[in-house]
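Residue numbers (our numbering): 15 to 120.
Note that the Cβ used here is the ideal one computed from N, Cα and C, for glycine as well.
Just so it is clear, the structure is predicted and the values come from calculations on it, not from any experiment.
See the structure below:
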């Protein structure tokens with residue numbers, strides 16, 4: 015085999031091409047794993063931007079991947095919903111106290 019046949023082929027990419035490929039990879043991970051854009055980016059960074067490796071590891075041990083990547087929550091929206099419920103409770107509680115004080119003080 016001569017040196018010509020042993021050369022690796024490569025493609026020169028401009029910045030826009032790189033950005034497009036990154037965006038496509040992020041979108042692929044988001045849709046396959048149902049995670050946010052931020053989570054997809056973190057996962058790709060942790061797995062050397064290898065979409066197949068992210069998917070393989072995620073589906074073999076999702077909890078381990080979350081823990082090692084710092085993505086402990088499956089659904090961040092659930093936390094927001096929980097926080098909203100707590101806020102509603104305390105706002106309602108504060109109003110009840112306020113109204114009780116108004117009635118007591120006349």
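* For residue 65, the first and last residue of its enclosing alpha helix (DSSP H) -> From DSSP, the alpha helix (DSSP H) with residue 65 extends over 65 to 74.
task = May I ask you to report which of helix, strand or coil DSSP gives residue 33?
result = Secondary structure of residue 33 (DSSP, three-state): helix.
Assigned secondary structure, residue 27 (DSSP; H/G/I helix, E/B strand, else coil):
Coil.
Is the region 28 to 44 touching the region 58 to 73 in the sense that three or more CB pairs, one from each, lie closer than 8 Å?
The region 58 to 73 vs the region 28 to 44: in contact.
Coil, strand or helix - residue 62 by DSSP:
Residue 62 falls in the coil class under three-state DSSP.
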